[in-house]
Amino acid sequence: ETAACSRLADFLQNDAAFYSQRRDIPAVQGTSGLAENLALGEISPRQCWHAGLRAHFEGNGGAEAFLRQLVWRDFAYHLMYHTPHIAHSNWKPGWDSFPWSSDEDNPKVQAWKQGRTGIRFVDAAMREMYVTGRMHNRGRMIVASYLTKHLMCHWRIGQKWFENCLIDWDCASNAMGWQWAAGSGPDAAPYFRIFNPETQLAKFDPDGTYQKRWIAEISSNPGKTAMSYFAAVPKSWKLKPDMVYPDPVIALPEGRQRALRAYQNRSF
Numbered sequence: 089e090t091a092a093c094s095r096l097a098d099f100l101q102n103d104a105a106f107y108s109q110r111r112d113i114p115a116v117q118g119t120s121g122l123a124e125n126l127a128l129g130e131i132s133p134r135q136c137w138h139a140g141l142r143a144h145f146e147g148n149g150g151a152e153a154f155l156r157q158l159v160w161r162d163f164a165y166h167l168m169y170h171t172p173h174i175a176h177s178n179w180k181p182g183w184d185s186f187p188w189s190s191d192e193d194n195p196k197v198q199a200w201k202q203g204r205t206g207i208r209f210v211d212a213a214m215r216e217m218y219v220t221g222r223m224h225n226r227g228r229m230i231v232a233s234y235l236t237k238h239l240m241c242h243w244r245i246g247q248k249w250f251e252n253c254l255i256d257w258d259c260a261s262n263a264m265g266w267q268w269a270a271g272s273g274p275d276a277a278p279y280f281r282i283f284n285p286e287t288q289l290a291k292f293d294p295d296g297t298y299q300k301r302w303i304a305e306i307s308s309n310p311g312k313t314a315m316s317y318f319a320a321v322p323k324s325w326k327l328k329p330d331m332v333y334p335d336p337v338i339a340l341p342e343g344r345q346r347a348l349r350a351y352q353n354r355s356f
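Plus 88 on top of the position in the sequence shown (first one is 1) and you've got this note's numbering.
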């Protein structure tokens with residue numbers, strides 16, 4: 089609890105003012121980092137709210153954006169309490185007939201889990217999660233959209249993998265986040281909002297810092313962080329840093345068009 093409170097105070101004093109500008113950049117520590125503390129009960133959302141509100145009234149320009157994220161988290165708990173099926177079923181039952189694949193043995197799903205899709209933003213984020221147990225929020229949106237839309241795989245596959253890997257895993261937030269990305273949840277992303285991971289990477293990692301930090305195969309002299317992935321993964325995956333970085337498992341335009349056809353042809 090002491091460490092969590094110290095982290096909150098440090099964030100509000102030193103980083104919150106830049107939160108709105110830096111929170112979407114995965115290569116920097118632009119967020120509060122409190123997700124794991126909240127998930128483990130080391131600090132309460134009420135403590136965070138009152139500290140953030142005080143900072144806001146004292147003129148901290150980034151505190152309001154931080155408070156909005158706390159409200160979004162509480163909305164997830166509201167949904168879990170009133171509609172608990174969100175944890176395991178489509179929040180909107182009409183989506184039960186949507187043609188997502190539930191095949192966890194699909195080679196494309198395995199490539200997604202292993203950070204070997206050939207899409208750098210997806211792969212960097214998935215490797216970061218496997219090594220550290222953390223993933224930047226922008227990365228979470230990208231990998232979730234990619235799995236459910238470009239690969240047309242069920243959000244429950246991603247939800248389960250996140251549960252296995254994240255140290256800040258939270259049942260309510262995880263379920264709402266995945267269903268928001270897939271389109272089956274409340275206030276979900278519109279079906280035509282299909283993130284392009286390449287344009288997202290160009291926008292939020294223009295100098296390549298994040299991708300090079302986590303993908304050894306794209307560098308002639310990979311750093312310690314990129315190499316740490318190969319020490320962390322199971323030997324059964326048979327991954328080595330001198331392997332050739334893979335071609336995309338699906339062309340982004342092809343995946344986008346396939347998803348749009350499926351979403352547009354819904355009967356509900």
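For each residue, glycine too, the CB sits at the ideal point set by N, CA and C. As the structure is a computational prediction, the values presented were derived from the model and not from experiment.
{"Asked": "Ala115: buried (16+ other C-beta within 10 angstroms of its C-beta) or exposed?", "Found": "buried"}
{"Asked": "Label His242 either buried or exposed according to how many other C-beta atoms from any shown protein chain fall within 10 Å of its C-beta, with 16 as the threshold for buried.", "Found": "buried"}
{"Asked": "DSSP state of Ser189, grouped into three classes?", "Found": "strand"}
{"Asked": "On a Cα-Cα basis, can you pick out the residue from Ser324, Arg222, Ala97, Trp137 that is closest to Arg156?", "Found": "Trp137"}
{"Asked": "With distances taken from CA atoms, which of Met223, Glu216, Met264 is nearest Met168?", "Found": "Met264"}
{"Asked": "Where are the alpha helix (DSSP H) runs, 4 residues long or more, that stay fully inside the region 147 to 203, in chain order?", "Found": "151 to 170, 195 to 202"}
{"Asked": "Over what stretch of residues does the alpha helix (DSSP H) that includes Ala263 continue unbroken?", "Found": "259 to 270"}
{"Asked": "Hey, out of Leu128, Tyr107, Asp98, whose CA is closest to Asp258's CA?", "Found": "Leu128"}
{"Asked": "How many angstroms separate the CA atom of Ile282 from the CA atom of Ala232?", "Found": "10 Å"}
{"Asked": "Are the CB atoms of Trp179 and Gly273 nearer to each other than 7 Å?", "Found": "yes"}
{"Asked": "Taking a contact to mean a Cβ-Cβ separation below 7 Å, would you say Ala164 touches Ile131 in this structure?", "Found": "no"}
{"Asked": "On the DSSP bridge assignment, give the partners of Cys136 in chain order.", "Found": "According to DSSP, Cys136 bridges with nothing at all."}
{"Asked": "By the 10 Å Cβ neighbour count, where 16 or more other Cβ atoms means buried, how is Tyr333 classified, buried or exposed?", "Found": "exposed"}
{"Asked": "Quick test of your reading: Ala320 and Tyr218, contact by CB under 8 Å. State the CB separation rounded to the nearest angstrom.", "Found": "6 Å"}
{"Asked": "Just reading off the alpha helix (DSSP H) that Val210 is part of, what are its end residues?", "Found": "208 to 220"}
{"Asked": "Starting from the C-beta of Glu192, find all residues in its chain whose C-beta is less than 6 Å away, skip the five residues before and the five after it, and write them out in chain order.", "Found": "Ile245"}
{"Asked": "For Cys253, which beta-bridge partners are listed by DSSP?", "Found": "None, per the DSSP bridge assignment."}
{"Asked": "If you drop the 5 nearest sequence neighbours on each side, which residues of the same chain put their C-beta closer than 8 Å to that of Cys106?", "Found": "Note that residue 106 corresponds to Phe in the displayed sequence, not to Cys. Result list for Phe106: Gly118, Gly150, in chain order."}
{"Asked": "Do you know whose CA, among Asp330, Asn284, Phe292, lies nearest Ala304's CA?", "Found": "Asp330"}
{"Asked": "Determine the contact status of Trp188 and Met223, defining contact as a CB-CB distance below 7 Å.", "Found": "no"}
{"Asked": "Do the CB positions of Pro285 and Ile338 come within less than 7 Å of each other?", "Found": "no"}
{"Asked": "Thinking Lys328 and Phe318 are a contact (beta carbons under 8 Å), I'd like their distance in whole angstroms, please.", "Found": "6 Å"}
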